[in-house]
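So the structure is just underneath, and the comments pick up after that.
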Amino acid sequence: MMTLASVLLIIGIILWGVLDYLNTSSKEGIGVLLVVLILIVFGAKLIKNKYESIKRGEPFKDERSRKIETKAAAYAFYIGIYWLLALSIMIDTFKLEIPASSVPSVGLVGMTVIFGLSYLYLNKKGE
Amino acid sequence: MKNRIKEFRAKYNLTQEELAKKVGVRRETILFLEAGKYNPSLNLAHSVAKALKTTIDELFNFE
Numbered sequence: 080m081m082t083l084a085s086v087l088l089i090i091g092i093i094l095w096g097v098l099d100y101l102n103t104s105s106k107e108g109i110g111v112l113l114v115v116l117i118l119i120v121f122g123a124k125l126i127k128n129k130y131e132s133i134k135r136g137e138p139f140k141d142e143r144s145r146k147i148e149t150k151a152a153a154y155a156f157y158i159g160i161y162w163l164l165a166l167s168i169m170i171d172t173f174k175l176e177i178p179a180s181s182v183p184s185v186g187l188v189g190m191t192v193i194f195g196l197s198y199l200y201l202n203k204k205g206e
Numbered sequence: 010m011k012n013r014i015k016e017f018r019a020k021y022n023l024t025q026e027e028l029a030k031k032v033g034v035r036r037e038t039i040l041f042l043e044a045g046k047y048n049p050s051l052n053l054a055h056s057v058a059k060a061l062k063t064t065i066d067e068l069f070n071f072e
């Protein structure tokens with residue numbers, strides 16, 4: 080119960096920080112907030128699953144979960160490279176107003192999302 | 010890869026969770042093993058065979 084409260088507190092602090100930093104009335108702010116929320120939801124689900132399996136006395140990681148993490152990380156890397164390439168092409172072609180200093184961050188967030196989705200897909204589908 | 014894990018597990022009245030604890034893996038791993046959706050390492054195959062008191066050849070069908 081205390082651990083859950085701590086996790087909720089951390090999530091609350093992160094959300095408060097993001098809301099404070101962003102101007103949520105702008106489209107960019109809402110977009111970023113949405114991505115952050117997706118990442119938080121994914122992270123919370125992952126933590127919850129791990130917590131429940133530890134309560135059942137299962138190991139934190141086993142060979143299958145390690146294999147899935149490695150594969151998901153590989154997908155995130157390979158697809159992430161093409162994501163960064165596509166991002167730079169989109170910025171040039173559609174004249175997107177993303178500051179040059181933000182491009183690596185956007186790229187990294189994309190890789191994180193790809194990792195999350197790959198992990199969920201591989202976890203469901205199996206090998 | 011097809012296997013007879015469920016058959017042997019039923020023979021010894023073990024749940025997936027109990028077998029997972031014996032072998033030292035998560036319950037999901039046993040679930041995916043039984044469904045043929047995960048190919049175990051040699052180490053894991055040996056551990057599962059040992060826990061079910063049989064051999065790897067008896068348990069797994071490599072064809």
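First to last, the sequence lines map onto chains E and B. In short: position in the first sequence from 1, add 79, done, that's the numbering used here. In short: position in the second sequence from 1, add 9, done, that's the numbering used here. For glycine and all other residues, C-beta sits at the position ideal for the given N, C-alpha and C.
Alpha carbon to alpha carbon, what distance is there between residue 28 (chain B) and residue 55 (chain B)? In a straight line, the C-alpha of residue 55 (chain B) is about 13 Å away from that of residue 28 (chain B).
The segment 157 to 165 of chain E in contact with the segment 187 to 205 of chain E per 3-pair CB rule at 8 Å: Counting Cβ pairs under 8 Å, three or more are found: they touch.
Counting only beta-carbon atoms, is residue 137 (chain E) nearer than 9 Å to chain B? Residue 137 (chain E) has a beta carbon lying within less than 9 Å of a beta carbon in chain B.
Check whether the Cβ atoms of residue 195 (chain E) and residue 117 (chain E) sit closer than 9 Å, and answer yes or no. In contact: residue 195 (chain E) and residue 117 (chain E) (Cβ atoms closer than 9 Å).
Does any C-beta atom of chain E lie closer than 9 Å to the C-beta of residue 21 (chain B)? So, not an interface residue.
Any beta carbon of chain B sitting closer than 9 Å to that of residue 205 (chain E)? Closer than 9 Å to some Cβ of chain B, the Cβ of residue 205 (chain E) qualifies, so yes.
Using 8 Å for Cβ pairs, my map puts residue 136 (chain E) next to residue 47 (chain B). What's the rounded Cβ distance? 21 Å between Cβ atoms; not a contact.
Quick one: any contact between the segment 34 to 53 of chain B and the segment 140 to 151 of chain E, if contact means 3 or more CB pairs under 8 Å? As far as the Cβ criterion goes, the segment 34 to 53 of chain B touches the segment 140 to 151 of chain E, which means the pair count is three or higher.
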